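Data first, discussion second: the structure below is written as structure tokens.
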Amino acid sequence: MIAALMPLLRRYALARPNARSSHAVPTPQGAGAAIIAVPIVILAFGYLTQDQGEWQLLLAAGLAVLALTGGIDDVWPLPVWLRLLVQVLSAYLVVIARPEVVQIFPLLPSWLETAGLVLGLVWFINLTNFMDGIDGITVVQKSCVSLGVVLLLAIVASPAGNYVGPVAIGLLGALVGFIPFNKHVASAFMGDVGSLPIGALTGWMLIVVAADGHIAAALLLPMYYIADATVTLYRRWNRGEKLHEAHRSHFYQLAVQRGFLVPEVTNRILGLNVALGLLAFLSVEASSPVIDITVVVVGLMLTAALMRHFDRGRNA
Numbered sequence: 140m141i142a143a144l145m146p147l148l149r150r151y152a153l154a155r156p157n158a159r160s161s162h163a164v165p166t167p168q169g170a171g172a173a174i175i176a177v178p179i180v181i182l183a184f185g186y187l188t189q190d191q192g193e194w195q196l197l198l199a200a201g202l203a204v205l206a207l208t209g210g211i212d213d214v215w216p217l218p219v220w221l222r223l224l225v226q227v228l229s230a231y232l233v234v235i236a237r238p239e240v241v242q243i244f245p246l247l248p249s250w251l252e253t254a255g256l257v258l259g260l261v262w263f264i265n266l267t268n269f270m271d272g273i274d275g276i277t278v279v280q281k282s283c284v285s286l287g288v289v290l291l292l293a294i295v296a297s298p299a300g301n302y303v304g305p306v307a308i309g310l311l312g313a314l315v316g317f318i319p320f321n322k323h324v325a326s327a328f329m330g331d332v333g334s335l336p337i338g339a340l341t342g343w344m345l346i347v348v349a350a351d352g353h354i355a356a357a358l359l360l361p362m363y364y365i366a367d368a369t370v371t372l373y374r375r376w377n378r379g380e381k382l383h384e385a386h387r388s389h390f391y392q393l394a395v396q397r398g399f400l401v402p403e404v405t406n407r408i409l410g411l412n413v414a415l416g417l418l419a420f421l422s423v424e425a426s427s428p429v430i431d432i433t434v435v436v437v438g439l440m441l442t443a444a445l446m447r448h449f450d451r452g453r454n455a
């Protein structure tokens with residue numbers, strides 16, 4: 140499907156090098172449409188053939204709206220307010236798209252938790268987009284999250300695995316299929332049409348994991364992306380930079396600027412994700428608040444160590 144899209148993307152959706160990008164030549168973007176189409180089709184098929192309520196329709200609708208606006212923005216940039224409005228509305232659809240909405244924090248009013256999850260998901264959608272800045276990085280990160288969620292729910296024999304599994308496996312397969320096009324040097328980029336809904340879908344998976352009682356695991360699996368994007372945002376704010384402007388100051392981008400090859404960066408992130416995944420499995424198996432806190436702290440230390448390694452550069 141991606142190969143079939145390439146002539147169209149070359150003509151109408153070229154990503155030209157700018158202040159944010161790490162590529163040197165115009166490259167087709169928008170291949171993410173073929174990636175996100177897979178889980179959307181799985182959801183649509185499930186809605187038409189299974190009697191599980193409206194959650195599949197809600198999730199598919201939220202993803203499709205994000206993909207549509209992202210695709211338009213790839214070709215004709217949209218105003219920030221419109222993109223944010225669409226993201227909030229789509230995030231709400233995604234957050235409530237569960238067969239049974241179980242609160243993560245039962246002591247909170249349900250409306251307050253829903254509002255918090257929507258805001259958190261909007262940030263997660265955007266940080267996925269921000270972090271998609273070098274070849275292969277989002278394929279690595281989101282493949283690890285998808286695989287981790289599937290294995291985690293299978294290990295604990297959670298009923299949630301029955302409805303998360305097909306969607307997560309579909310996304311994983313589509314991401315793996317994108318590797319030949321996105322490995323360094325990439326011949327195609329995902330684009331906002333892919334990164335925005337993929338961020339929403341993986342965020343939804345993590346919400347389900349957290350609602351299943353595995354909050355530590357839900358924090359560990361995406362920890363590198365969350366930490367890099369959030370710390371970078373704080374550093375830019377602290378320097379007085381305009382936060383909406385394009386930049387190349389994420390830790391993974393600094394690593395490339397300071398001597399690391401792109402495959403070296405993505406391989407290190409892959410290694411960290413394997414370690415974080417093992418910590419997530421430990422937290423699930425132990426089922427202990429003390430272990431949960433311990434593995435999250437260890438995960439933060441490992442993530443901080445890699446970010447410092449990237450920040451210092453190859454020759455440090």
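Numbering-wise, the sequence shown is residues 140 to 455 according to the working numbering.
Every residue, glycine too, gets a C-beta built ideally from N, C-alpha and C.
These numbers come from a predicted model, not from an experiment.
Residue i and residue j: beta carbons closer than 8 Å?
i: ASP367; j: HIS383; result: no
i: MET362; j: LEU415; result: yes
i: ALA357; j: VAL423; result: no
i: ILE318; j: VAL404; result: no
i: VAL257; j: VAL227; result: yes
i: SER297; j: ASP351; result: yes
i: ALA419; j: GLY287; result: yes
i: TYR373; j: THR267; result: no
i: ALA172; j: GLY210; result: yes
i: VAL233; j: ALA339; result: yes
i: GLY169; j: GLY330; result: yes
i: GLY181; j: GLY309; result: Note on residue identity: the sequence assigns Ile, not Gly, to residue 181. Cβ distance < 8 Å, so ILE181 and GLY309 count as in contact.
i: LEU393; j: THR442; result: no
i: GLN191; j: PRO238; result: yes
i: PRO218; j: ALA327; result: no
i: VAL279; j: VAL347; result: no
i: VAL295; j: PRO178; result: no
i: GLY300; j: LEU311; result: no
Excluding the five sequence neighbours on either side, which residues of its own chain have a C-beta within less than 6 Å of the C-beta of residue i, listed in chain order?
i: HIS448; result: none
i: VAL284; result: THR341, LEU360, PRO361
i: GLN195; result: LEU182, GLY185, TYR186
i: TRP343; result: VAL233
i: HIS353; result: VAL423
i: ALA236; result: TRP194, LEU197, LEU198
i: LEU345; result: ALA357
i: ALA349; result: ILE243, ALA357
Quick one: residues in its chain with C-beta nearer than 7 Å to the C-beta of residue i, no 5 flanking neighbours on either side, listed in chain order?
i: ILE175; result: LEU202, ALA206, GLY333, PRO336, ILE337
i: VAL434; result: ALA355, LEU359, LEU418, LEU421, SER422
i: TYR151; result: Model confidence at TYR151 stands at a pLDDT of 48, short of 50, so the residue's coordinates are unreliable; what they give is reported in the following sentence. So the list reads VAL214, once near-sequence residues are dropped.
i: SER229; result: GLY201, VAL204, LEU205, ALA339
Can you list, in chain order, the residues of its chain whose CB lies under 8 Å from that of residue i, leaving out five sequence neighbours each side?
i: LEU439; result: MET362, ALA366
i: GLY398; result: GLY452, ARG453, ASN454
Taking Cβ positions only, does residue i come closer than 8 Å to chain B?
i: ALA349; result: Of the protein chains in this structure there is only one, and it is not chain B.
Practice task
Can you check the stretch 303 to 360 for any alpha helix (DSSP H) of at least 4 residues that lies completely inside it and give the ranges in chain order?
Solution key: 331 to 350, 354 to 359
Handout entry: the stretch 247 to 265 touching the stretch 213 to 232, judged by at least three CB pairs closer than 8 Å
Key = yes
Practice task
Let me know the beta strand (DSSP E) ranges lying completely inside the stretch 215 to 269, each 3 residues or longer, listed in chain order.
Solution key: none
Practice task
Return the chain-ordered ranges of every alpha helix (DSSP H) run that is complete within the stretch 381 to 427 and spans a minimum of 4 residues.
Solution key: 390 to 396, 401 to 425
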